[in-house]
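Residue numbers (this note's numbering): 1 to 463.
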Ligand code: BES
Ligand code: MN
Ligand code: MN
């Protein structure tokens with residue numbers, strides 16, 4: 001380890017509590033990208049990050065407006081590294097998912113609280129806390145290198161990841177020259193188990209859709225019209241029940257045609273991971289049984305098989321008590337996770353045609369695409385992966401495992417396919433961090449080990 005790397009790590013260690021306090025200030029901003037009433041908060045979070053990037057010494061710091069939902073990107077760079085140092089594109093997102101159900105939070109979602117070595121708040125780990133690790137690693141390096149960095153760095157932080165990432169996709173498509181780099185660093189995934197450094201090499205894609213079913217032209221008295229008027233909820237339930245069988249197999253014709261099996265080496269490596277299905281069922285899922293395709297392991301089912309889920313069915317009467325009404329309209333929010341080599345275009349076309357073909361009599365069915373992300377598997381054969389493995393070995397004292405993630409990060413596909421960047425997904429969340437759920441947390445030891453890993457990675461990248 002160079003003297004300067006050592007100095008950067010020492011700086012990070014001496015400033016741990018300040019780093020956490022700053023993160024808390026960012027977590028107090030409810031930057032919920034899907035809710036229009038929070039647009040001002042989303043922008044405040046962007047400005048908070050931009051001003052810190054400026055303070056630590058990044059250059060060309062600016063908010064980039066996008067034409068989509070209107071949540072800005074934060075961009076910054078520092079491109080004066082000595083010699084042939086590579087350029088690292090650090091990516092993260094500052095938007096968060098809604099916090100509901102609020103009454104299940106032990107402490108309020110936007111009032112960050114430390115308990116048992118964890119920091120609890122919406123966005124603590126997904127992804128404000130992990131994005132902040134990048135910023136704090138850069139600050140530590142700037143200090144140790146006296147206003148310089150060991151590599152060239154571009155920072156790109158988006159505010160629409162949780163709603164599909166269309167703005168950042170537009171920017172990557174239209175301005176690839178502004179993102180010229182040798183590697184993308186993404187910290188928005190998890191470790192497979194506590195103390196087990198993990199690189200994520202694949203993400204599922206997704207199509208998020210709405211099925212709208214319309215029956216009568218207005219809500220009707222269910223006594224006066226029940227028996228003659230179609231019920232859109234019943235029609236919707238009939239449609240949904242045909243999408244998947246009891247073994248979790250999706251019934252859409254052609255849906256599995258392009259599903260690629262993981263390689264034999266990958267499957268072998270997954271078998272060797274410390275995974276206990278019963279423990280997973282009890283501590284993470286909490287259901288009486290796990291479901292899904294019986295011929296595939298849980299890891300295969302969640303990482304390498306497509307799936308279909310229903311997220312909510314707005315409409316009709318959902319207040320307390322009873323109301324006898326036949327709603328005019330019902331909606332279901334339905335998403336499918338995709339895996340290589342499925343494509344979002346083909347999967348959506350197959351799904352839409354199938355839903356239309358099974359629509360019951362008496363209703364009008366409309367299928368809409370809300371957002372989508374392509375599935376991706378990245379190559380592990382490059383010097384950046386090796387640098388990351390050795391950086392994390394220094395910090396955790398153990399070898400890195402390679403996993404895939406069941407979730408999606410829409411822009412990663414564009415980094416890999418659009419920009420041709422090797423992408424390093426080095427994340428520090430834990431399986432029980434409650435992403436998107438009540439009591440989201442970040443294990444603070446991992447926040448600090450993450451900063452240290454990134455400091456070491458950036459110091460040795462390309463070397
Ligand atoms: N950070 C997650 C994705 C993730 C989580 C990847 C765990 C691997 C392991 C990301 O913020 C996320 O939640 N993405 C959404 C994307 C969607 C809204 C397009 C997802 O996966 O639901
Ligand atoms: Mn995330
Ligand atoms: Mn998320």
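Quick reminder that beta carbons are idealized off the backbone N, C-alpha and C, glycines included. In this text the structure is predicted, and so the values were computed from the model without any measurement.
Best match in the options for proximity to residue i [C-alpha to C-alpha]
i	options	result
residue 343	372, 102, 6	372
residue 332	387, 196, 213	213
residue 356	348, 362, 366, 54	366
residue 323	292, 32, 219, 38	219
residue 443	337, 20, 225	20
residue 69	363, 360, 40	40
residue 204	71, 80, 303, 328	303
residue 360	406, 385, 412, 230	230
residue 387	308, 345, 199, 433	199
residue 223	327, 138, 201	327
residue 370	378, 384, 352	352
residue 104	170, 348, 122	122
residue 147	378, 18, 78, 311	78
residue 396	445, 349, 233	445
residue 141	385, 4, 16	4
residue 376	338, 368, 384	338
residue 408	252, 189, 313	189
residue 345	406, 394, 209	209
residue 234	215, 260, 251, 243	215
residue 164	349, 275, 335	335
residue 237	406, 358, 72	358
residue 299	308, 286, 262	262
residue 394	379, 421, 436, 460	460
residue 38	132, 17, 96	96
Pairwise C-alpha distance: residue j and residue i
i	j	result
residue 450	residue 67	33 Å
residue 36	residue 162	14 Å
residue 101	residue 110	13 Å
residue 305	residue 114	37 Å
residue 166	residue 226	43 Å
residue 447	residue 55	21 Å
residue 458	residue 179	17 Å
residue 283	residue 431	10 Å
residue 288	residue 269	28 Å
residue 241	residue 452	49 Å
residue 354	residue 196	43 Å
residue 120	residue 82	40 Å
residue 88	residue 29	28 Å
residue 391	residue 183	16 Å
residue 58	residue 76	6 Å
residue 414	residue 187	16 Å
residue 410	residue 374	7 Å
residue 107	residue 439	8 Å
residue 49	residue 330	40 Å
residue 417	residue 340	13 Å
residue 32	residue 310	21 Å
residue 52	residue 402	33 Å
residue 64	residue 175	12 Å
residue 90	residue 10	22 Å
residue 94	residue 266	32 Å
residue 426	residue 221	56 Å
residue 314	residue 13	48 Å
residue 74	residue 364	43 Å
residue 1	residue 454	14 Å
residue 251	residue 132	42 Å
Helix, strand or coil at residue i [DSSP, three-state]
i	result
residue 131	helix
residue 51	helix
residue 224	helix
residue 105	coil
residue 359	coil
residue 57	coil
residue 139	helix
residue 6	helix
residue 114	strand
residue 28	coil
residue 40	helix
residue 267	helix
residue 466	Not covered by the structure: residue 466. The range shown for the chain is 1 to 463.
residue 305	coil
residue 368	strand
residue 373	strand
**Test item, CB below 5 Å from any non-hydrogen atom of ligand 2** = 126, 127, 188
**Asked** Residue ranges of each alpha helix (DSSP H) run of no fewer than 4 residues wholly in the region 146-216, ordered along the chain?
**Response** 166-174
**Prompt:** Where in the region 225-261 do unbroken runs of the alpha helix (DSSP H), each at least 4 residues long, occur, reported from the N-terminal end onward?
**Reply:** 232-241
**Request:** Would you mind listing the beta strand (DSSP E) stretches within the region 380-463 that are 3+ residues and don't spill past its ends, in chain order?
**Result:** 401-405, 423-426, 441-443
**Request:** Kindly provide the ranges of any beta strand (DSSP E) runs that are 3 or more residues long and lie completely inside the region 69-93, ordered along the chain.
**Result:** 73-78, 87-93
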